[in-house]
Amino acid sequence: MSVSAPSDKLAFQTRSALLATLAVLACLSVFLINGGPLYYFDTGSYIRQGSVALNSLLPPVNETSTTGGTYTADDDGTATGSRSLIYGLIIATFFRADALYAVPVIHLAATLFAVWMLARTAGRSLGGTQNTMLMTAIPLLAAASTSLPFYIAYMMPDIFAPIFLIATAALTAFGQTMRLWELFLISGLALFCIVLHPSHLAITGLMIPFVALTALGRRMPGRWRATVLMVMLLTLAAVERKAFQITVEAQMNKEVVYTPHITARLIVDGPGMDYLKDVCPDASIPTCALYEALSWSDDPYRLTASHIIFERSSRLGSFRLLSPEKQKQVALAQGDFAKAVFLSRPIATSFALAKNGYHQIMRYSITMTIPTDVELTNARTLARLDEAQYDLIQKGNLAWDRGWIETADIVHGMIYAVSFAFIVFILLRPGSVSRDMKLFALFILIGIAVNALVCGGVSQPADRYGARVMWLLPFTAAFLFLVQRSGASRIIAGDPS
1 MSVSAPSDKL
11 AFQTRSALLA
21 TLAVLACLSV
31 FLINGGPLYY
41 FDTGSYIRQG
51 SVALNSLLPP
61 VNETSTTGGT
71 YTADDDGTAT
81 GSRSLIYGLI
91 IATFFRADAL
101 YAVPVIHLAA
111 TLFAVWMLAR
121 TAGRSLGGTQ
131 NTMLMTAIPL
141 LAAASTSLPF
151 YIAYMMPDIF
161 APIFLIATAA
171 LTAFGQTMRL
181 WELFLISGLA
191 LFCIVLHPSH
201 LAITGLMIPF
211 VALTALGRRM
221 PGRWRATVLM
231 VMLLTLAAVE
241 RKAFQITVEA
251 QMNKEVVYTP
261 HITARLIVDG
271 PGMDYLKDVC
281 PDASIPTCAL
291 YEALSWSDDP
301 YRLTASHIIF
311 ERSSRLGSFR
321 LLSPEKQKQV
331 ALAQGDFAKA
341 VFLSRPIATS
351 FALAKNGYHQ
361 IMRYSITMTI
371 PTDVELTNAR
381 TLARLDEAQY
391 DLIQKGNLAW
401 DRGWIETADI
411 VHGMIYAVSF
421 AFIVFILLRP
431 GSVSRDMKLF
441 ALFILIGIAV
451 NALVCGGVSQ
461 PADRYGARVM
471 WLLPFTAAFL
481 FLVQRSGASR
491 IIAGDPS
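The sequence shown lines up with residues 1 to 497 when you count with the UniProt record's numbering.
Structure follows, in structure tokens:
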């Protein structure tokens, strides 16, 4: 018995809708299984920073409210610029409304929008016969088998780094064929991602040369679109940072400083420590105060970037043991310090940066997205919660037994390896996919490497920074599989035969 073409089309559309629903549920799987969001200790800092800003715009939370704390600015004359005020405002707004569960929904919506825009524009470059819904759902299902659901549920801005990389790769590969409104929307999404964390600003700056090189190698109308847009986005993001600084100084009479991650990283890697040994003591070099503080203990474990920056104990601490004024001077001098170290030891500094980037690439566990009791306590403390409000930041089901994490990491690692191998195979195989699709995949790989260089080189190589972008490997592999020039392409063209 034959089935009419309209019936076949309706059945295919139904299957596509069901697959899209399954993809959404898969992306939310960690949030649903955990019974709520996943918290990091720094989530509390975002809540506090956003709440301080909200209190300057809106009436403070009623003292009898169940969703508030006492939010005041620091009394040391400084305000941190190392976190995004915009993300702080988002998370604090939902915290006030006792609706933190809505933040993962925002994460999911941004992810879906980026992938849908990619599927739409990539499908057009392939002739316009591809099914956009399937091209959105299937890669997300592949990504959801790894770290993506953890970062959807994670109450930190990390998910916006891979979203930005998707937007950048899409602009570079398909920007010349995008319609004006598509360019506007995907550029707006990219800008939103950039301003949600300072590291995203650095990633943007490092991606622009690659985008420009691509334009030089192409001969078609609109080839400079992506480059111009990326420069504009970088400029607007820099303006946002400057506006934040001016507003804080004018409204709160505070000086914006950035946590000296670069200083700590250079010291731990060696070139910074060698430089300080040569020039200290010197009252004209603020970082010499930190060098002296590092000598107050002979515990070798104090020489890690995280201990230098955050530790307050006499055995492991250094930066936090300095007076507030000296801390500010060290933080403000980190740009000059980094420049001086590089000029005095360019080879050693470059090697250390590359080494950190390599170590970062190899770290992709989701363990840092699962909060420990200590991290939860720190989050509540940083958010300035009273004990009666501790339930507002809950542990979640996944944190009670961490034994499953090792198995998950092994499975994820295997998927990443297979996905990377498939991507490289497609890139090297002549005629496997269109040139634009190869360019998109190549820029995803470049973005992952740049993310590792920024996070591993500036901060400290950590699983959190690697896992946040590694889901792009199975995502991209699935996308390439769907669009390769073979029988598989019939699946997304709506041909059920």
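The beta-carbon is built from N, C-alpha and C at its ideal position, and this holds for glycine as well.
Considering only C-alpha positions, which residue in the set the options is nearest to residue i?
i	options	result
alanine 399	Tyr154, Leu439, His307 and Phe94	Tyr154
residue 507	Phe337, Gln394 and Ile262	Residue coverage of the chain in this structure runs from 1 to 497, which leaves residue 507 outside it and unanswerable.
leucine 54	Gly317, Thr43, Ala92 and Tyr40	Ala92
leucine 22	Trp296, Ser145 and Ala338	Ser145
methionine 368	Leu189, Tyr39 and Ala333	Tyr39
alanine 264	Gln245, Ala226, Thr304 and Asp98	Thr304
phenylalanine 244	Ser434, Gln49, Pro37 and Ile426	Gln49
leucine 189	His107, Ala173 and Ile246	His107
threonine 168	Phe192, Phe150, Leu385 and Ala408	Phe192
phenylalanine 479	Ala142, Arg380 and Ile33	Ala142
methionine 230	Pro221, Val211 and Ile163	Val211
serine 101	Pro37, Pro221, Arg225 and Ser187	The sequence shown places tyrosine at residue 101, not serine. The candidate whose alpha carbon is nearest that of tyrosine 101 is Pro37.
alanine 161	Ile308, Ile448 and Ile415	Ile448
isoleucine 444	Leu427, Lys355, Phe31 and Asp278	Leu427
tryptophan 404	Thr377, Ile370 and Arg429	Ile370
leucine 112	Leu180, Asp278, Ala441 and Val24	Val24
One question on the structure: do residue i and residue j come within less than 7 Å of each other, judged by their Cβ atoms?
i	j	result
isoleucine 152	alanine 114	no
methionine 178	threonine 121	yes
serine 16	methionine 135	no
arginine 468	aspartate 158	yes
leucine 234	threonine 204	yes
phenylalanine 174	aspartate 391	no
isoleucine 47	phenylalanine 95	yes
valine 330	threonine 372	no
aspartate 194	alanine 110	The sequence as given places isoleucine at residue 194; aspartate does not occur at that position. Taking 7 Å as the Cβ cut-off, isoleucine 194 and alanine 110 do not qualify as a contacting pair.
proline 149	serine 29	yes
alanine 383	lysine 326	no
proline 315	aspartate 298	The question names proline, but residue 315 is arginine in the sequence shown. Against a cut-off of 7 Å, the Cβ pair of aspartate 298 and arginine 315 comes out as no contact.
arginine 124	glutamine 176	no
alanine 237	threonine 227	no
proline 461	arginine 363	yes
glutamine 389	serine 432	no
Using the Cβ count rule (16 or more neighbours within 10 Å means buried), how would you classify residue i?
i	result
tyrosine 291	buried
lysine 395	buried
alanine 137	buried
asparagine 253	exposed
methionine 117	buried
isoleucine 393	buried
threonine 70	The predicted position of threonine 70 is uncertain, since its pLDDT is 43 and thus under 50; a value taken from the coordinates is nonetheless stated next. By the 10 Å Cβ count, threonine 70 comes out exposed.
proline 260	buried
proline 324	exposed
residue 518	The structure shown does not extend to residue 518, since the chain spans only 1 to 497, so no value can be given for it.
threonine 381	exposed
glutamate 387	exposed
glutamine 251	exposed
asparagine 397	exposed
isoleucine 33	exposed
valine 52	buried
serine 284	exposed
alanine 20	buried
isoleucine 267	buried
phenylalanine 337	buried
arginine 490	Summary for arginine 490: the model assigns pLDDT 48, below 50, so the residue's position carries little reliability; its value from the coordinates is reported in the next sentence. The residue in question, arginine 490, is exposed, as its Cβ has fewer than 16 Cβ neighbours within 10 Å.
arginine 219	exposed
arginine 312	exposed
serine 350	exposed
leucine 10	exposed
glycine 88	buried
valine 411	exposed
leucine 57	exposed
methionine 232	exposed
Whole-angstrom Cβ separation of residue i and residue j, contact assumed at under 8 Å?
i	j	result
leucine 140	cysteine 280	Between cysteine 280 and leucine 140 the Cβ distance is about 52 Å, and since that is not below 8 Å, they are no contact.
alanine 340	tyrosine 258	Incorrect: roughly 17 Å between the Cβ atoms, too far for contact.
threonine 43	alanine 379	5 Å
serine 434	leucine 126	7 Å
glutamate 255	glutamate 249	6 Å
glutamate 375	phenylalanine 41	4 Å
Could you check whether the Cβ of residue i sits closer than 7 Å to any Cβ belonging to chain C?
i	result
tyrosine 101	The displayed structure is made up of one protein chain only, and chain C is not part of it.
Whether or not the stretch 345 to 352 and the stretch 254 to 274 are in contact is what I'm after, with contact meaning three or more pairs of Cβ atoms, one per stretch, closer than 8 Å; do they touch? yes
Report yes or no: do three or more beta-carbon pairs, one from the stretch 190 to 200 and one from the stretch 81 to 90, lie closer than 8 Å? yes
Between the stretch 467 to 476 and the stretch 411 to 420, can you find at least three pairs of beta-carbon atoms closer than 8 Å? When C-beta atoms of the stretch 411 to 420 are compared with those of the stretch 467 to 476, three or more pairs fall below 8 Å, so the two segments count as touching.
Would you check if there are 3 or more beta carbon pairs closer than 8 Å linking the stretch 291 to 303 to the stretch 312 to 330? yes
With three or more beta-carbon pairs closer than 8 Å as the criterion, would you say the stretch 350 to 359 touches the stretch 451 to 467? A contact is defined here as three or more CB-CB pairs under 8 Å, and the stretch 350 to 359 meets this definition with respect to the stretch 451 to 467.
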